[in-house]
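Novice: The structure is given below, and queries will be raised subsequently.
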Amino acid sequence: MNAHKHLSLLLTLPVFLVFCSSSQKKVFTTPADDLVDAAERGDEKRVAEFIAQKQDVNQKNQNSYTPLMSACERGNLAVAKQLIAAGANVNTLNNFSWNALMLASVGGHAEVVKVLLAAGANPKYRSPNDETAIGLAARGQHEEIIAILRKAGGR
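Position in the sequence shown counted from 1, then plus 1, gives you our numbering.
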């Protein structure tokens, strides 16, 4: 390798590493995006900070997800409980007309499904596209969730 190519590689490597570094802090345009991200990652401490700051736990991010929806989709049980205790609406819909129960069901998160039902999630809800939590659980062959939802009145 000639000296010019070697120098060029050495000069571009630091730039490449800066842009590819996973240690970079994410920048969010709204508090909702930040809170939804924390819920999705299961960051109980960050979620608690938002709750302590009296942030609206039902606000939606740019993708129309609430923090509870993101926590439930990822199976973050502790964060889901935190958000419900802080007043999160378990039946809010995103732009796809899905709720937290549907997201937990399709993801196979049985314990989250139980917590949502105990908090008043509607197991009978049917989206405009005729989707239900029990139907989504069936897609993923999540038999335990299907049984939980049937026992709660889901169809």
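In this text, a Cβ means the ideal position worked out from N, Cα and C, and glycines have one as well. Note that the structure is predicted; figures quoted are calculated from it, not measured.
What are the uninterrupted segments assigned as alpha helix (DSSP H) that are 4 or more residues long and contained completely in the region 20-92, given in chain order?
Specialist: 32-42, 45-53, 68-75 and 78-86
Novice: Given a threshold of 16 other Cβ atoms within 10 Å of its Cβ, counted over all protein chains shown, does Pro124 qualify as buried or as exposed?
Specialist: buried
Novice: Is Gln25 buried or exposed, if buried means 16 or more other CB atoms sit within 10 Å of its CB?
Specialist: Only weak support is given to the placement of Gln25: the predicted model assigns it a pLDDT of 44, under 50, and the question is left unresolved by the model.
Novice: Pull up the distance between the alpha-carbon of Ser65 and that of Gln142, whole angstroms please.
Specialist: 27 Å
Novice: Which term fits Ser22, buried or exposed, when burial requires 16 or more other beta carbons within 10 angstroms of its beta carbon?
Specialist: Unreliable positioning characterises Ser22 in this predicted model, as indicated by a pLDDT of 38, which lies under 50. The coordinate reading is nonetheless provided below. Classification of Ser22: exposed, given that the 10 Å Cβ count is below 16.
Novice: Using a Cβ-Cβ cutoff of less than 7 Å, which residues in the same chain neighbour Gly155 once the five nearest sequence positions on both sides are dropped?
Specialist: Once the five neighbours on either side are set aside, the close Cβ partners of Gly155 are Pro124, Lys125, Thr133, Ala134 and Ile135.
Novice: Look at Leu1 and Val37 and say whether their C-beta atoms are less than 8 Å apart.
Specialist: Outside the shown range of the chain (2 to 156) lies residue 1, about which nothing can therefore be said.
Novice: Can you give me the C-alpha to C-alpha distance between Ala87 and Glu45, rounded to a whole angstrom?
Specialist: 13 Å
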